[in-house]
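So the structure is just underneath, and the comments pick up after that.
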């Protein structure tokens, strides 16, 4: 089986990129789109993010065999409730949220009897909204699918095929494990970036203008992540609280050890730590998960 | 006045980039280079990082009117002592180190009576060594000069001109203030990046393979900085201890507040913080200090 009609609910960076990728994949899938914000629907029509942009969520999902919720994690339950009356009985309902346990529970509650197969494409940029999407966003990126116990294997396989047709590589795992993995690889990095950028903005002895001017020393890297969508990230931390707190405390323990090494002038401990971390970077580049060029291939000083 | 013969001591990323930029600037400056590592000197000759690569530090600095020490912060004193007997009496001795107070003290001790004008180009990549440099590294980047009290104004002006001829914008400030500014914009970001990459490598419930695969969620950004030269960064933290600990404690206070917001489910506090940080990113891009394209212009998934 494969999906012939796909409804995209929420037309920001991820929803828009799905629509554009489907338009370009040559498989002839029909797409409908809906966003609760009328201004977003206007931009979505202008950019052609879906074949048809509907002004009503029910119109968007009626007849669709795959419905993908691309709204912030905290808006999933409401979005599901809005489409419930018009869903086809045999459709697959999926999503793209960054935490999976609470979303799975919310969708199961809101859509009893429907086939719910949550997913999470690990891809994005710091931009958001209907102008941010592009068709190659998922190329060479992993998409994690978290089928609940009892999910229909044929429908899971169809969702795997769907993401692969968008250029992604697919892995399946348990929702709770997903939430721990993403706490490490995504949520804690965002939390730290948001915090350090906030700290640097409010220094008493260093001005904001100085922080901006000399940001090429490393700080600017953090500002990219800290420019991500505030609503999306507030919801991630509200919905993946336990795994984030667990991983944050591990990080804080390691940071306290590093602080003590600096205080004590323990150069060997620092050197050992700083040497080990290079290997991880090499592996990420080797696996095609980052640009091999120095400085991410930035061209701003050339 | 301007510098007609420049000696570069240390031929890694920064020293090599200075040599290549001088070769390309068309001003006819003569350059000599020296590195304590014979293998580095061999690569430096092959790449033409200076007009003449010397096997002895004294040969490199004899007759030079500007000597730039481009070695790790902890190696500055030894490098200065090695060239002391052969320096021209009226030459300017400068450096490119990331902390300025301890370097100023070390160079003043090691080279009594010489004109010492420390400097710090805020530029770099995660790569190091004689193959890492490129001639445009300093374009549109700030170089901070920290003239000690009593520095010769004509020589300070010549050093400003020198860095501007390499494409940099120049600011002068006090060494102690430099150390605070760079603690925020460079040293703490590196410390945090090294620590989180170390934390993620040693998780019990998440494998290293998973960390690598799903790093595009944000983690990979930190691995670039955490791939920087371990010796250089060990020395930075040993030599800018006070400012780093002061700024680290401010960050830790803010991170504790964020932890409490997550624990208490305080979405409003998170939303407010995450909204403010976007503005800093916009200012950095507007000032030409980062690539305006999404995702730093990375092309790895296109």
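Residue numbers (this note's numbering), protein chains in the order written: chain A, 45 to 346; chain B, 45 to 346.
Positions of the beta carbon are idealized from the N, C-alpha and C atoms, including for glycine.
Q) At what residues does the beta strand (DSSP E) containing residue 139 of chain A begin and finish? A) Start and end: 136-139.
Q) Out of A:272, A:235, A:306, A:338, which has the shortest C-alpha to C-alpha gap to residue 325 of chain B? A) Answer by Cα proximity: A:272.
Q: Run the CB neighbour count on residue 208 of chain B, radius 10 Å, all protein chains shown included, and call it buried at 16 or more, exposed below.
A: Exposed is the label assigned to residue 208 of chain B, since fewer than 16 other Cβ atoms lie within 10 Å of its Cβ.
Q: Please go through the same chain and pick out, in chain order, the residues whose beta-carbon is closer than 7 Å to the beta-carbon of residue 127 of chain B, but skip the five residues on each side of it.
A: Take residue 127 of chain B, set aside five residues on each side of it, and the residues of its chain with a beta-carbon closer than 7 Å to its own are 53, 101, 102, 105, 111, in chain order.
Q: Drop a sphere of 10 angstroms on the beta-carbon of residue 193 of chain A, count the other beta-carbons inside from all chains shown, and report buried for 16 or more, exposed for fewer.
A: Of the other Cβ atoms in all chains shown, fewer than 16 fall within 10 Å of the Cβ of residue 193 of chain A; this residue is therefore exposed.
**Q.** Candidates B:182, B:96, B:152, of which the one nearest residue 123 of chain B by Cα
**A.** Closest by alpha carbon: B:152.
Q: Quick one: which residues of the region 260-274 of chain A get their C-beta closer than 9 Å to a C-beta of chain B? List them in chain order.
A: So the list reads 260, 261, 262, 263, 264, 265, 266, 267, 268, 269, 270, 271, 272, 273, 274, given in the order they occur along the chain.
Q) At which residues does the alpha helix (DSSP H) containing residue 328 of chain A begin and terminate? A) 311-330 is the span of the alpha helix (DSSP H), which, as asked, contains residue 328 of chain A.
Q.
Any beta carbon from chain B within less than 7 Å of residue 209 of chain A's own beta carbon?
A. It does not: the Cβ of residue 209 of chain A has no partner Cβ on chain B nearer than 7 Å.
Q: Starting from residue 308 of chain A, trace the alpha helix (DSSP H) both ways and give me its first and last residue.
A: In the DSSP assignment, residue 308 of chain A falls within the unbroken alpha helix (DSSP H) covering 285-308.
Q: Establish whether the CB of residue 282 of chain B and some CB of chain A are separated by less than 7 Å.
A: Yes, residue 282 of chain B lies at the interface with chain A (some Cβ there is under 7 Å from its Cβ).
Q. Can you round the beta-carbon distance between residue 343 of chain B and residue 205 of chain B to whole angstroms, since I take them to be within the 8 Å contact cut?
A. The C-beta distance from residue 343 of chain B to residue 205 of chain B rounds to 37 Å, too long to meet the 8 Å contact threshold.
Q | Residue from B:143, B:225, B:97, B:88 whose Cα sits closest to the Cα of residue 291 of chain B | A | With distances taken between Cα atoms, residue 291 of chain B lies closest to B:225.
Q. Residue 121 of chain B touches chain A at which residues, Cβ-Cβ below 7 Å?
A. Scanning chain A for C-beta atoms nearer than 7 Å to the C-beta of residue 121 of chain B yields nothing, as the closest lies near 15 Å away.
Q: Return the first residue and the last residue of the alpha helix (DSSP H) that residue 269 of chain B is part of.
A: 263-269 is the extent of the alpha helix (DSSP H) around residue 269 of chain B.
**Q.** DSSP-derived helix/strand/coil call for residue 53 of chain B
**A.** Three-state result, residue 53 of chain B: strand.
Q) From residue 314 of chain B to residue 284 of chain A, what distance separates their C-alpha atoms? A) Rounded to whole angstroms, the gap between the alpha carbons of residue 314 of chain B and residue 284 of chain A is 14 Å.
Q | Secondary structure, beta strand (DSSP E): runs of 3+ residues fully inside the region 81-127 of chain A | A | Taken in chain order, the complete beta strand (DSSP E) segments of 3 or more residues contained in the region 81-127 of chain A are 110-113.
Q) Ordered along the chain, which non-local residues of its own chain (more than five positions away) have a Cβ less than 8 Å from that of residue 245 of chain A? A) Excluding positions up to five away in sequence, the list reads 252, 255.
Q: Mark residue 201 of chain B as exposed unless 16 or more other C-beta atoms lie within 10 angstroms of its C-beta, in which case mark it buried.
A: Answer is exposed; the Cβ neighbour count stays below 16.
Q) Under a Cβ-count criterion, where at least 16 other Cβ atoms within 10 Å of its own Cβ denotes burial, should residue 143 of chain A be classed as buried or exposed? A) Result: buried.
**Q.** Contacting positions in the region 292-322 of chain B - beta carbon closer than 7 Å to chain A
**A.** Going along the region 292-322 of chain B in chain order, one finds 292, 294, 295, 298, 299, 302, 303, 306, 307, 309, 311, 314, 315, 317, 318, 319, 320, 321, 322 with a Cβ nearer than 7 Å to chain A.
Q: Verify the CB distance criterion: does residue 72 of chain B have a CB-CB separation below 7 Å to chain A?
A: It does not; no Cβ of chain A falls within 7 Å.
Q: Give the DSSP-derived three-state secondary structure of residue 217 of chain B in the structure shown.
A: Residue state for residue 217 of chain B is assigned as coil, using DSSP reduced to three classes.
Q.
Tell me which residues share the same chain as residue 150 of chain B and place their Cβ nearer than 8 Å to its Cβ, disregarding the 5 neighbours each side in the sequence.
A. Apart from sequence neighbours up to five positions away, the residues of its chain that approach residue 150 of chain B with a beta-carbon distance below 8 Å are 120, 121, 124, ordered along the chain.
Q.
By DSSP's criteria, residue 78 of chain A is part of a beta bridge. Which residues make up the other side?
A. Residue 78 of chain A pairs with A:53.
Q. Hey, out of A:134, A:113, A:163, A:86, whose CA is closest to residue 214 of chain A's CA?
A. It is A:163 whose Cα lies nearest to the Cα of residue 214 of chain A.
Q) Beta-carbon of residue 58 of chain B versus every beta-carbon of chain A: anything under 7 Å? A) For residue 58 of chain B, the answer is no, since every Cβ of chain A falls outside 7 Å of its Cβ.
Q.
Does the beta-carbon of residue 227 of chain B, which I'm using as the reference point, lie nearer than 6 Å to any heavy atom of the ligand GTP?
A. Looking at this structure, you won't find the ligand GTP or any other ligand, since it has none at all.
Q. Mind pulling the chain A residues with CB within less than 9 Å of residue 285 of chain B?
A. Within chain A, the residues near residue 285 of chain B are 306, 307, 309.
Q) Does DSSP classify residue 129 of chain A as helix, strand or coil? A) Looking at residue 129 of chain A - three-state DSSP - the assignment turns out to be helix.
**Q.** Residue interval of the alpha helix (DSSP H) (run including residue 161 of chain A)
**A.** In the DSSP assignment, residue 161 of chain A falls outside any alpha helix (DSSP H) and carries neither an H nor an E.
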